[in-house]
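This is the structure in structure tokens:
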């Protein structure tokens, strides 16, 4: 059976920070950052976190008809705002998806997004179900680290289900 991605969307915060400014500010501590001082980094606003950016990406991805086709929602991130609540459930509520869908947080690894996508594709093969895979990151980086200059904030969304869609699963492998 063919499965694939049927919709996709992204959300990138509007605020930007010039990498050159950061590299100059930290050059006294870490001169090697000068090599990373080109371009800009997307910065989440005070009221944005990994969860809200993932929800915005989903809203950018889906048509009104696709909202009714969702059977599950997987949220992948290493920087979710809540540890004691299910963030995917909050996302489903924010998108008015109803109470009869399977939700799951996938976190704790930089491969969380890949794991969520592969799980959704496997479910589509076996159960013919449509799963919305969303992700968001608002990385807490160490000051003057290379990661502070290279990691930007944002969200993404993929609607996965039976049929080819805009991209079909041909195969996969993990290492």
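Residue numbers (this note's numbering): 351 to 525. We treat Cβ as the ideally placed atom computed from N, Cα and C, and that holds for glycine.
Query	Result
Residue 383 and residue 496 closer than 8 Å at C-beta	yes
Local conformation of residue 498 per DSSP, three classes	helix
Distance between residue 372 and residue 379 (C-alpha atoms, nearest Å)	12 Å
For residue 518 and residue 452, the rounded distance between their alpha carbons	23 Å
Beta carbon of residue 484 nearer than 8 Å to that of residue 506	yes
Runs of beta strand (DSSP E) wholly within the region 355-383 (minimum 3 residues, chain order)	366-368
Beta-carbon proximity check, residue 357 vs residue 438, cutoff 8 Å	no
Residue 352 - partner residues in DSSP beta bridges	DSSP, once it has assigned bridges, lists no residue as partnering residue 352.
Residue 369 versus residue 431 - alpha carbon distance	26 Å
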